[in-house]
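These notes are about the structure you will find just below.
Numbering (this note's numbering), first residue to last: 1 to 98.
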């Protein structure tokens, strides 16, 4: 029974490695959800990759908002994925490189 519990906890830790965060450190600077693209670029520099994901309708469904993903890394074997909607940071996730 104890081995099953340890295996279960190990599986949870592995799943959490791709977890989302609300902040990310860039040198001595911090970026967080809601930051604008230019603020992130000023603090973190140019991303390794930028991808246009698509478009979404705004809350009033009259304006389209661009969805873009930026990739930073690998830094100590970890890639950081930043998702922007309408030029605002909406998601930060990390993944260990394989």
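Glycine is no exception: its CB is placed at the ideal position from the N, C-alpha and C atoms. This structure is a prediction, so every number in the text was calculated from the model and none was measured.
(request) Using DSSP bridges, identify the partner residues of residue 91. (result) 83
(request) Given a cut-off of 8 Å, decide if residue 30 and residue 90 are closer than it, judged by their beta-carbon atoms. (result) At the C-beta level, residue 90 and residue 30 stay beyond 8 Å of one another.
(request) Tell me where the alpha helix (DSSP H) around residue 39 begins and ends. (result) Run containing residue 39: 37–44, per the alpha helix (DSSP H) assignment.
(message) With distance defined between alpha-carbon atoms, name the residue in 69, 56 and 26 nearest to residue 44.
(response) Ranked by Cα distance from residue 44, the options 69, 56 and 26 are led by 26.
(message) DSSP three-state label for residue 98, please.
(response) Assignment of residue 98 by DSSP, reduced to helix, strand and coil, places it in the coil class.
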